[in-house]
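**Q** My structure is below; once you've seen it, I'll send some questions.
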Amino acid sequence: MQLFPFGHATHPQWQMAAGLVLAQLRAQMTLHGYAASPTLGLLYITDHYAAHAQEILDHLGAELPTVTDWSGTVGVGIASSNVEYFDEPALAVMLCAVPSDQYRVFSGVSPLPATFRPHTALVHADSGTPELAELITEMSDRTATGYLFGGLASSRSEAVQFAIGGNGNLSGHGKAGGVFSGGLSGVAFAEGVQLVSRVTQGCQPVAPARSITGADGNLITELDGEPALDVLLEDLDLTLEEPEAAIAALRKTLVGLTQASEDVVNRTGHFGTDVVVRHIIGLDPRRRGVAIADRVEEGMKLAFCRRDVEAARADLVRICAEIREELEPEELPLAVAAALASSEAANEPNPARRIAGAVYVSCAGRGGPHFGGPSAELQVVRRALGDVPLVGFFAGGEIARRHLYGYTGVLTVFT
Numbered sequence: 001m002q003l004f005p006f007g008h009a010t011h012p013q014w015q016m017a018a019g020l021v022l023a024q025l026r027a028q029m030t031l032h033g034y035a036a037s038p039t040l041g042l043l044y045i046t047d048h049y050a051a052h053a054q055e056i057l058d059h060l061g062a063e064l065p066t067v068t069d070w071s072g073t074v075g076v077g078i079a080s081s082n083v084e085y086f087d088e089p090a091l092a093v094m095l096c097a098v099p100s101d102q103y104r105v106f107s108g109v110s111p112l113p114a115t116f117r118p119h120t121a122l123v124h125a126d127s128g129t130p131e132l133a134e135l136i137t138e139m140s141d142r143t144a145t146g147y148l149f150g151g152l153a154s155s156r157s158e159a160v161q162f163a164i165g166g167n168g169n170l171s172g173h174g175k176a177g178g179v180f181s182g183g184l185s186g187v188a189f190a191e192g193v194q195l196v197s198r199v200t201q202g203c204q205p206v207a208p209a210r211s212i213t214g215a216d217g218n219l220i221t222e223l224d225g226e227p228a229l230d231v232l233l234e235d236l237d238l239t240l241e242e243p244e245a246a247i248a249a250l251r252k253t254l255v256g257l258t259q260a261s262e263d264v265v266n267r268t269g270h271f272g273t274d275v276v277v278r279h280i281i282g283l284d285p286r287r288r289g290v291a292i293a294d295r296v297e298e299g300m301k302l303a304f305c306r307r308d309v310e311a312a313r314a315d316l317v318r319i320c321a322e323i324r325e326e327l328e329p330e331e332l333p334l335a336v337a338a339a340l341a342s343s344e345a346a347n348e349p350n351p352a353r354r355i356a357g358a359v360y361v362s363c364a365g366r367g368g369p370h371f372g373g374p375s376a377e378l379q380v381v382r383r384a385l386g387d388v389p390l391v392g393f394f395a396g397g398e399i400a401r402r403h404l405y406g407y408t409g410v411l412t413v414f415t
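FYI, the numbering for the sequence shown is 1 to 415, going by full-length UniProt numbering.
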């Protein structure tokens, strides 16, 4: 698979930003190793451009007539290789060279046809959609692998989504304009489109895994048969006799939660793939319980964890290393160490890496200062994964598999 052309730019006028992006795309499409005639475009804009979403899509479609299918959404921030745009007008585009019979763009106006069997799907969604979690689960069930990746639009104005498709043909998408609000949209991929995806929770477990043996709604009353509050204090080495120190520590503590059949912590000491991280929202001294921001049931497992800059960076490097290891098993672990220490030239895209492009969806609460400075999160990705084509956005919630996450990053590469 050839490299996916991509471009990104910021400018107070969307026309100028679009012109800069188009110049980058056209230049790359002439280069050896890059796709010359892609048909699927991924478009992400910051909310500064939300009011002009239809104009932007129409303009890009007219300037790139062979790109018949578009998908994307809006974020308070967007991402591209090595850069983040927060609180400024910007857009990013990646043109994916995927066989036209191996994908379908879908939306509420144009649902997936029954004849197309998706293997995986990139999903964009509106957080205000009723029964959103159920819709995500239903979409996951429609895929052969159950794997979704994507996120919720985030905007201080209109939460728009882009979805228009001609299935690789010039006939287009009927009378639909391609800009929507509400519901789900995205791109479903058939089995021939190979993806590798990982989720970074940005957390490190600070205590052993526990089984929930008593629960009432979102209140955990017992862990391993003991009062939940007592177990929490023991695991964190805290006492309520020193309330200020206890409160300060609890504010940094979260809960990694999973079903009974799954492992909370894997062999490497990190969270397993189906763990969701939730905040502790209160303590119940009378019932000796711990309340979290999700409903819980007896039999589920959890581990207390903490999220900070060091943990977030380490976990992000870890998922990049896992992706590279899956693609380059014979080169690791030496390649990972080399990637973290090598020059940018050594990390230029090359055929051995077999990464054509990447999509990164991160939580709007993770960008910028959470990683120590502007664009720091995307710089970690580039340093660890290599200089590959990448676009994405900062979401109001992240989607991976059938779960809706928060404060996470979902990195997916096309191989």
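For glycine and all other residues, C-beta sits at the position ideal for the given N, C-alpha and C.
1) If you count every other CB in all the chains shown that lies within 10 Å of the CB of Ile164, and 16 or more means buried, which is it?
2) Tell me whether Pro95 sits in a helix, a strand or coil according to DSSP, three-state version.
3) Put residue 416 into one of helix, strand or coil per three-state DSSP.
4) Report the partner residues of Gly7 according to the DSSP bridge assignment.
5) Could you check if Glu348 is buried or exposed, using at least 16 other CB atoms within 10 Å of its CB as the buried criterion?
6) Assuming Gly386 and Ser362 are in contact, meaning their beta carbons sit under 8 Å apart, how far apart are those beta carbons, in whole angstroms?
7) Please tell me whether Gly396 and Ser154 are closer than 7 Å, where the distance is taken between their beta carbons.
8) Quick check on DSSP: helix, strand or coil for His119?
9) If distances are taken between C-alpha atoms only, which option among Glu222, Ala125 and Gly357 comes closest to Leu404?
10) Within this structure, are the beta carbons of Gln102 and Gly192 separated by less than 7 Å?
11) Can you list, in chain order, the residues of its chain with a C-beta nearer than 6 Å to that of Ile45? Leave out the 5 residues immediately preceding and following it.
12) Under the three-state reduction of DSSP, which class applies to Glu398: helix, strand or coil?
13) Give me the Cβ distance between Phe414 and Ala356, rounded to the nearest whole Å; I'm assuming they're in contact under 8 Å.
14) Would you list the residues sitting across from Asp216 in a DSSP beta bridge?
15) DSSP state of Glu234, grouped into three classes?
16) Does the separation of the CB atoms of Phe304 and Ala207 fall below 7 Å?
17) Start and end of the alpha helix (DSSP H) containing Glu326?
18) Closest by CA to Pro285, which one among Val296, Val231, Asp235 and Val277?
19) Can you give the Cα-Cα distance for residue 436 and Tyr147, rounded to whole angstroms?
20) Return the chain-ordered list of same chain residues with a C-beta closer than 6 Å to the C-beta of Met29, the five sequence neighbours on each side being excluded.
21) Near Ala23, which residues of its chain fall below 8 Å by C-beta distance, leaving aside the five closest residues on each side in sequence?
22) Thinking C-beta only, is Arg278 closer than 7 Å to Thr221?
23) Could you spell out where the alpha helix (DSSP H) holding Ala163 opens and where it closes?
24) Val187 to Ser181, Cα distance in whole Å?
25) Under 7 Å between the Cβ atoms of Leu195 and Thr120?
26) Here's the rule I'm using: 16 or more other beta-carbon atoms within 10 Å means buried, otherwise exposed. How should Arg104 be labelled?
27) Rounded to whole angstroms, what is the Cα-Cα separation between Glu298 and Pro205?
28) Locate the alpha helix (DSSP H) running through Ala384, then write down its first and last residues.
29) Can you tell me which of the three DSSP states Arg366 falls into?
30) Around the C-beta of Ala17, are 16 or more other C-beta atoms found within 10 angstroms, so that it is buried, or is it exposed?
31) Compute the Euclidean distance between the alpha carbons of Tyr360 and Gly409, then round it to the nearest angstrom.
32) Buried or exposed: Gln259, going by 16 or more other Cβ atoms within 10 Å of its Cβ?
33) Going by DSSP, what residue range makes up the beta strand (DSSP E) through Leu60?
34) Based on the DSSP secondary-structure assignment, which residues constitute the bridge partners of Trp14?
35) Tell me the DSSP bridge mates of Phe393?
36) If I'm right that Phe162 touches Leu238 with Cβ under 8 Å, what's the distance once you round it to whole angstroms?
**A** Walking through what the data contain:
1) Buried: at least 16 other Cβ atoms inside 10 Å.
2) The sequence as given places Leu at residue 95; Pro does not occur at that position. Assignment of Leu95 by DSSP, reduced to helix, strand and coil, places it in the strand class.
3) Summary: the structure shown does not reach residue 416, with the chain confined to residues 1 through 415, and so no result is reported for it.
4) The partner list for Gly7 (beta bridge, DSSP) reads Val93.
5) Confidence at Glu348 is low in this model, with a pLDDT of 48, below 50, so the placement of that residue is unreliable and no value is reported for it.
6) For a cut-off of 8 Å, the C-beta gap from Gly386 to Ser362 is around 18 Å, too long to register as a contact.
7) If you check the CB distance, Gly396 and Ser154 come in under 7 Å.
8) If DSSP states are grouped into helix, strand and coil, His119 belongs with coil.
9) Closest by alpha carbon: Ala125.
10) For the 7 Å CB-CB criterion, Gln102 and Gly192 form a contact.
11) Here Ile45 has Val74 and Leu91 as same chain residues with Cβ atoms under 6 Å from its own Cβ, once five neighbours each way along the sequence are excluded.
12) It is a strand residue.
13) Right, their Cβ atoms sit about 5 Å apart.
14) Asp216 is bridged to Leu219.
15) Reduced to three states, the DSSP call for Glu234 is helix.
16) In this structure, Ala207 lies closer than 7 Å to Phe304 by Cβ.
17) Run containing Glu326: Val309 to Leu327, per the alpha helix (DSSP H) assignment.
18) Among Val296, Val231, Asp235 and Val277, the Cα nearest to that of Pro285 belongs to Val231.
19) This structure leaves residue 436 out entirely; the chain is present only between 1 and 415.
20) Closer than 6 Å at the Cβ level, and outside the excluded window around Met29, lie Pro5 and Ala36.
21) For Ala23, where only same-chain residues beyond five positions count, the Cβ hits under 8 Å are Gly7.
22) At the C-beta level, Thr221 and Arg278 stay beyond 7 Å of one another.
23) No alpha helix (DSSP H) contains Ala163, which is instead part of the beta strand (DSSP E) from Val160 to Ile164.
24) Cα atoms of Val187 and Ser181: separation of roughly 16 Å, rounded to the nearest angstrom.
25) Going by C-beta atoms, Leu195 is nearer than 7 Å to Thr120.
26) Here Arg104 is buried: its Cβ has 16 or more other Cβ atoms, across all protein chains shown, within 10 Å.
27) Distance between Glu298 and Pro205, taken at the CA atoms: about 21 Å.
28) Element bounds for Ala384: Ala376 to Leu385.
29) Three-state DSSP puts Arg366 in coil, outside helix and strand.
30) Buried is the call here.
31) So the two alpha carbons sit approximately 7 Å from each other.
32) Looking at its Cβ environment, which holds fewer than 16 other Cβ atoms inside 10 Å, Gln259 is exposed.
33) That residue, Leu60, is in no beta strand (DSSP E); its alpha helix (DSSP H) goes Ala53 to Glu63.
34) The beta-bridge partner set that DSSP reports for Trp14 is empty.
35) According to DSSP, Phe393 shares a beta bridge with Ile78 and Val361.
36) The Cβ separation is near 48 Å, so there is no contact.
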